[in-house]
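Novice: Below are the structure tokens for one structure; questions will follow.
Number of protein chains: 2
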Amino acid sequence: MEVIRSNFKDNLSKVCEAIEEADFLAIDGEFSGISDGPSVSALTNGFDTPEERYQKLKKHSMDFLLFQFGLCTFKYDHTEDKYIMKSFNFYIFPKPFNRSSPDVKFVCQSSSIDFLANQGFDFNKVFRNGIPYLNQEEERQLREQYDEKRSQANGAGSLSYISPNTTKCPVTIPEDQKKFIEKVVEQIEELLKNEENESLELEPCTGFQRKLIYQTLSWKYPKGIHVETLESDKKERYIVISKVDDEERKRREQQKQAKEQEELNDAVGFSRVVHAIANSGKLVIGHNMLLDVMHTIHQFYCPLPDDLSEFKEVTSCVFPRLLDTKLMASTQPFKEIINNTSLAELEKRLKEVPFSPPKVESAEGFPSYDTSSEQLHEAGYDAYITGLCFISMANFLGSFLSPPKNHVSARSKLIEPFFNKLFLMRVMDIPYLNLEGPDLQPKRDHVLHVTFPKEWKTSDLYQLFSAFGNIQVSWIDDTSAFVSLSQPEQVQIDIRGTDACLISFHLQVKAAVESLFVCCRAHVK
Amino acid sequence: MEVIRSNFKDNLSKVCEAIEEADFLAIDGEFSGISDGPSVSALTNGFDTPEERYQKLKKHSMDFLLFQFGLCTFKYDHTEDKYIMKSFNFYIFPKPFNRSSPDVKFVCQSSSIDFLANQGFDFNKVFRNGIPYLNQEEERQLREQYDEKRSQANGAGSLSYISPNTTKCPVTIPEDQKKFIEKVVEQIEELLKNEENESLELEPCTGFQRKLIYQTLSWKYPKGIHVETLESDKKERYIVISKVDDEERKRREQQKQAKEQEELNDAVGFSRVVHAIANSGKLVIGHNMLLDVMHTIHQFYCPLPDDLSEFKEVTSCVFPRLLDTKLMASTQPFKEIINNTSLAELEKRLKEVPFSPPKVESAEGFPSYDTSSEQLHEAGYDAYITGLCFISMANFLGSFLSPPKNHVSARSKLIEPFFNKLFLMRVMDIPYLNLEGPDLQPKRDHVLHVTFPKEWKTSDLYQLFSAFGNIQVSWIDDTSAFVSLSQPEQVQIDIRGTDACLISFHLQVKAAVESLFVCCRAHVK
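If you read the sequences in order, they're chains A and B. Taking the numbering used here, the leading residue of the first sequence gets 369, the next gets one more, and so forth. Taking the numbering used here, the leading residue of the second sequence gets 369, the next gets one more, and so forth.
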């Protein structure tokens, strides 16, 4: 189901109901770009520590916009032995709410935009019809603005009403304004006497004069009359005074408060969906979901914290239970039987023996996706097949039970080992970011930090280290890389000092005659 | 006429023809944002020097994308006494050309995007179908890449052909490759002997091996055989060798070069239109066009130079003759009879006495715009009515001649005083940026630089300077502003030192009891 600004309010209760009734949720995001600095290969170095990876993504990926959010809810129907799913595809855009609301700037990366364009992505739905959002601090500020306006209205505000008993004593009116105020009071007295007229429009006047009028009337007419500031076509502000009884005044006040609350809700917009997901405490599935989680928190909750441990804390509040299908597919017992863990390939693989395709149907009134005509990289579709992958893998775990079970629920103990571990892309020796505690710290004695002339290619490094057998190279930048030797015990390097030393290599580069000295620094990560 | 990537090549000659035949051109750009830092009011301080304004716009406006470019050409038809116009609306997007081409990142400002969305702007046309472009340096680099590939092809390249006589001596083949190369040569000898087979596919091999093959064959078969590297479905590269005679080889080479030239032209894309405008030397009209000129140069020529004087030099190369209708309308004799110089208002005003609406018709086969159903903020439309404004104002100048003239051409001496002066938005005492020489340097002895607590509002400044009569306030940031006193001779301030002094004012702020000391520094700009 496609959700845009114009139908968001009408569909929100449907979304919340789907979340509430679900056994688990699957999510996916599409962004306006991936990296505003280094190339993706430098952004994801094979020997990043989890902290380094977090810092790089925070620095280079968060200025992009998450502009499509896919949510797919899965509810298990025991009688029919199948899942019922509801999929939502939200288009998101930080449309400024009013003049004082944040004017968000976001970056677009041409290659990412072009990629999405080739998938048929509809940018007009984002930029014309995207649902707005506020993070928690922005929501708080806006709420305060409304509260302030309301409390001002009790004395002198614009577009607001007088409550009785707000000013207990006469206001001091400057000498040069006395005549003006006296004239206003005369006009009002006339209005109150005259039974024919119900309201009175005053001449446009300055903000200071309007303040004096509000204060004077609040004191002179403690039982209340209805005072409202309006703006003319020429943008001049003027006051309208009308006779209302107590009941009518209260009714109007309540009406106004309800309208303000609605405006506030509209501004919070899509963040309300994220709050509903967070508050449900449901298991949330994603595929290679670290960036999705970071963007979701950054955009709808708060700017990302400075260090990884704080990020883990925030994440545990927003998403108490996460499961990454890419990490699951890369872990035993799946690792051995799944070669390619990219989402599209994984989905295909999991339809075949020893797995079985899950029984999933769209709920009534919800569109169904056809996995044979791929709509890959639409967030709602990606969330959907991520859910399918999870179901297949979870059910496969049931085959190890005795007696085997065909259905393994999202609440089963069997899947708990995969909770709260997010796949770390292209890291060679740390499979996941552990959200529930400290991260793995593999020994990296055999990983060398090597610097070299910028003309060098990977093949030059292979040549340099040919004596050490198989090596793995992780480029850092043009002139440095991590080189991992296959067997730590092979490292016969004389390491002076505790964590680093310099070794000189002598070699011939390409067919060139000159020989180069290369500095290799053993670097214990 | 709407021009997108798919119809750009077919329409380019039409565009060039329209430029060549025109008496003058009008342009307009739409951007993905205006300011990535300060608010627009801070970006355009009333007492900016032209250099300061240039620096601010360069720093805060150039990361946005010019994604719609309007061009309207006007040609005067003497026999019919009317202008014939052709309007073009180009959608522009830096679609990456290949893997090594720049992956442009650009910023979007939500308020600007929302503004355009409300005007019905079609973002899909930009992001899906936008015409690519290269600046001059990128074009040069791409041309070099092609040249390098071609020269490598004469020895060892990919997807390329051998020219005879390129390698005069046998290549040195490393010991471990000798067998491999010998086998390749045997296969080729067989191919040449065998009359039935026309071509031969070699097994996939490494880049180094392909290089050796190219070099060997170039030496062994100086009269040339056709050697080409192709890529298999599995992304493996392999060499195909075929028998071709001299003529066929030359034909294929030319074909290939033509194809490369076309690819290069496609990549240069929209920049070719800008080059055509520049090379025509025609008068280019714009409305409040400083940002349009800066973006056009920045995006299609070169990164903006560090200082204003260099920018003026570059501009004189790209746009030798510019005319800004907002500046024209703000100058005598128009200043007195035109109140509002915003484009839409100006266009309306210039239809009325003492002006006369110009006679302008669309050329055959070109769509016509209807000024009564406004399509404001579509670049092509804005360029069109900018042209209309210019014609009305130019013709009005003819009424001062004796005898009066109804038509004043774009080549008339009467409009020369308006050439190469770009309107400076919101600068109080410097009406324009002078592209042809040093800028005006008005006396600013009466302009004070004032700092104050951040709670202050404009009204507090009016109160502070109430003794000095009328003042003008230009906010710099929360705690400082320039205050201009109306009559320089009124300034009875004891100025110590040459350019600045400190004066203390003593005043009561609002109704507060405490008094504040305010520092005012006389600042001669």
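We put the beta carbon where it would ideally sit given N, CA and C, even for glycine. Computed from a predicted model, the values in this text were never measured in an experiment.
1) Could I get the ranges of all uninterrupted beta strand (DSSP E) runs contained in the segment 816-861 of chain A, with 3 residues as the minimum, in chain order?
2) Just the chain B side, please: which residues come within less than 7 Å of A:Gly401 by C-beta, in chain order?
3) Would you decide whether B:Leu580 is buried or exposed? Buried here means 16 or more other CB atoms lie within 10 Å of its CB.
4) In its own chain, which residues sit with a C-beta less than 7 Å from the C-beta of A:Gln504, not counting the 5 before and 5 after it?
5) Return the chain-ordered list of same chain residues with a C-beta closer than 6 Å to the C-beta of A:His655, the five sequence neighbours on each side being excluded.
6) To the nearest angstrom, how far is it from the Cα of A:Ser684 to the Cα of A:Leu803?
7) Can you say whether A:Ile556 is buried or exposed, counting buried as having 16 or more other CB atoms within 10 angstroms of its CB?
8) Please list the terminal residues of the continuous beta strand (DSSP E) segment that includes B:Asp396.
9) For the segment 471-480 of chain A against the segment 431-438 of chain A, are there 3 or more C-beta pairs whose distance is under 8 Å?
10) Would you tell me roughly how many angstroms separate the C-alpha atoms of B:Glu910 and A:Gly488, rounded to the nearest one?
11) Just to confirm, is the Cβ distance from A:Gly748 to A:Ser455 under 8 Å?
12) Can you find a CB in chain B that lies within less than 8 Å of the CB of A:Asp404?
13) DSSP three-state label for A:Tyr737, please.
14) Mind listing the chain B neighbours of A:Asp482? Cutoff is C-beta to C-beta under 7 Å, in chain order.
15) Evaluate A:Lys789 with the Cβ neighbour count: other Cβ atoms within 10 Å of its Cβ, from every protein chain shown; 16 or more gives buried, anything less gives exposed.
16) How is A:Ala879 classed by DSSP in three states: helix, strand or coil?
17) How is the alpha helix (DSSP H) around A:Gly748 delimited, first residue to last?
18) Quick check on DSSP: helix, strand or coil for B:Asn633?
19) Hey, is A:Arg421's beta-carbon within less than 8 Å of any beta-carbon in chain B?
20) Just to confirm before moving on: does the CB-CB distance between B:Glu448 and B:Pro470 stay below 8 Å?
21) Note down, in chain order, each residue of its chain lying with its Cβ closer than 6 Å to the Cβ of A:Phe415, except the 5 sequence neighbours on either side.
22) Kindly list, in the order they appear in chain A, the residues whose Cβ is closer than 7 Å to that of B:Ala485.
23) Once the 5 residues before and after B:Phe483 are set aside, which same chain residues still bring their CB inside 8 Å of it?
24) Can you find a CB in chain A that lies within less than 8 Å of the CB of B:Ser834?
25) Can you name the residues of chain B whose CB is closer than 7 Å to the CB of A:Phe491?
26) In chain A, what lies closer than 7 Å to B:Gln477 by C-beta?
27) Given A:Ala386, which residues of its chain have a CB within under 7 Å of its CB, disregarding the five upstream and five downstream residues?
28) For B:Asn375, collect the residues of the same chain with a Cβ closer than 8 Å to its Cβ; drop the 5 residues on either side in sequence, then sort them by chain order.
29) Classify B:Ile372 as buried or exposed, calling it buried when 16 or more other Cβ atoms lie within 10 Å of its own Cβ.
30) At the level of alpha carbons, what is the spacing between B:Gly637 and B:Tyr501?
31) Under three-state DSSP, which class holds B:Ser407?
32) Could you spell out where the beta strand (DSSP E) holding B:Leu711 opens and where it closes?
33) Quick one: which unbroken beta strand (DSSP E) runs of 3-plus residues sit fully inside the segment 433-492 of chain A? Chain order, please.
34) Identify the continuous alpha helix (DSSP H) that holds A:Thr693 and give its terminal residues.
35) What are the uninterrupted segments assigned as alpha helix (DSSP H) that are 4 or more residues long and contained completely in the segment 556-633 of chain B, given in chain order?
36) Between B:Pro532 and B:Tyr589, what straight-line distance do the alpha-carbon atoms span, to the nearest angstrom?
Specialist: Quick look at the numbers:
1) 839-845 and 848-853
2) Residue 401 of chain A sits at position 33 when you count from the first residue of the first sequence. The answer, in chain order, is Lys473.
3) Taking the second sequence and counting its residues from 1, one reaches residue 580 of chain B at position 212. Buried is the call here.
4) Here residue 504 of chain A refers to the residue found at position 136 of the first sequence. Closer than 7 Å at Cβ, skipping near neighbours: Tyr669 and Cys670.
5) The sequence position of residue 655 of chain A within the first sequence is 287, counting from 1. If we look at A:His655 and ignore the five residues flanking it on each side, its Cβ neighbours are Thr693, Lys694, Leu711 and Thr754.
6) Reading the first sequence from its first residue, position 316 is the one you call residue 684 of chain A. Reading the first sequence from its first residue, position 435 is the one you call residue 803 of chain A. For A:Ser684 and A:Leu803, the distance between alpha carbons rounds to 7 Å.
7) What you label residue 556 of chain A is simply residue 188 of the first sequence in a count that begins at 1. By the 10 Å Cβ count, A:Ile556 comes out buried.
8) Walking along the second sequence from the start, residue 396 of chain B turns up at place 28. First-last of the beta strand (DSSP E) with B:Asp396: Phe392 to Phe399.
9) yes
10) For chain B, the structure presents residues 369 to 893; residue 910 of chain B sits outside this window and is missing.
11) Mapped onto the first sequence, residue 748 of chain A falls at position 380. Mapped onto the first sequence, residue 455 of chain A falls at position 87. Yes, the pair counts as a contact, with Cβ atoms nearer than the cut-off.
12) Looking up residue 404 of chain A in the first sequence gives position 36. Yes - at least one Cβ of chain B is within 8 Å of the one on A:Asp404.
13) Against the first sequence, residue 737 of chain A aligns to sequence position 369. The answer is coil: DSSP assigns A:Tyr737 none of H, G, I, E or B.
14) Walking along the first sequence from the start, residue 482 of chain A turns up at place 114. Chain B residues near A:Asp482: Lys463 and Pro464.
15) If you number the first sequence from 1, residue 789 of chain A lands on position 421. Its Cβ being crowded by 16 or more others within 10 Å, A:Lys789 is buried.
16) The residue you call residue 879 of chain A lines up with position 511 of the first sequence. Because A:Ala879 sits at a pLDDT of 25, beneath the cut-off of 50, its placement in the model cannot be relied upon, and the point is left open.
17) To locate residue 748 of chain A, count along the first sequence from 1; it is residue 380. Ala747 to Gly766 is the extent of the alpha helix (DSSP H) around A:Gly748.
18) The sequence position of residue 633 of chain B within the second sequence is 265, counting from 1. Helix.
19) Taking the first residue of the first sequence as position 1, residue 421 of chain A is located at position 53. It does not: the Cβ of A:Arg421 has no partner Cβ on chain B nearer than 8 Å.
20) Counting from one through the second sequence, the residue named residue 448 of chain B turns up at place 80. Counting from one through the second sequence, the residue named residue 470 of chain B turns up at place 102. Not in contact: B:Glu448 and B:Pro470 (Cβ atoms no closer than 8 Å).
21) Locating residue 415 of chain A in the first sequence gives position 47, counting from the first residue. So the qualifying residues of the chain are Val815, Ser842, Phe850 and Lys893.
22) On the second sequence, position 117 is the one that residue 485 of chain B refers to. The contacting residues are Phe495 and Arg496.
23) Along the second sequence, one-based indexing puts residue 483 of chain B at 115. Same-chain partners within the cutoff: His745.
24) By 1-based counting over the second sequence, the position of residue 834 of chain B is 466. Answer no: the Cβ-Cβ gap between B:Ser834 and chain A never drops below 8 Å.
25) For the purposes of this step, residue 491 of chain A is taken as residue 123 along the first sequence, with counting starting at 1. Residues of chain B passing the Cβ test: Phe491, Asn492 and Phe495.
26) Here residue 477 of chain B refers to the residue found at position 109 of the second sequence. Asp471 and Lys473, listed in chain order.
27) To locate residue 386 of chain A, count along the first sequence from 1; it is residue 18. For A:Ala386, where only same-chain residues beyond five positions count, the Cβ hits under 7 Å are Thr441 and Lys454.
28) Taking the second sequence and counting its residues from 1, one reaches residue 375 of chain B at position 7. Excluding positions up to five away in sequence, the list is empty.
29) Translated into the one-based positions of the second sequence, residue 372 of chain B becomes position 4. So B:Ile372 counts as buried.
30) Taking the first residue of the second sequence as 1, we reach residue 637 of chain B at position 269. Taking the first residue of the second sequence as 1, we reach residue 501 of chain B at position 133. Near 5 Å, if we compare the C-alpha coordinates of B:Tyr501 and B:Gly637.
31) As a working note, residue 407 of chain B is residue 39 in the second sequence. Residue state, collapsed to three classes: coil.
32) Numbered from its first residue, the second sequence carries residue 711 of chain B at position 343. Here B:Leu711 belongs to no beta strand (DSSP E); instead the alpha helix (DSSP H) covers Leu711 to Arg717.
33) 434-445, 450-459 and 473-477
34) In the first sequence, the residue the question calls residue 693 of chain A occupies position 325. Thr693 to Ala697 is the extent of the alpha helix (DSSP H) around A:Thr693.
35) 575-588
36) Here residue 532 of chain B refers to the residue found at position 164 of the second sequence. Here residue 589 of chain B refers to the residue found at position 221 of the second sequence. Unreliable positioning characterises B:Pro532 in this predicted model, as indicated by a pLDDT of 41, which lies under 50. A coordinate reading is not provided.
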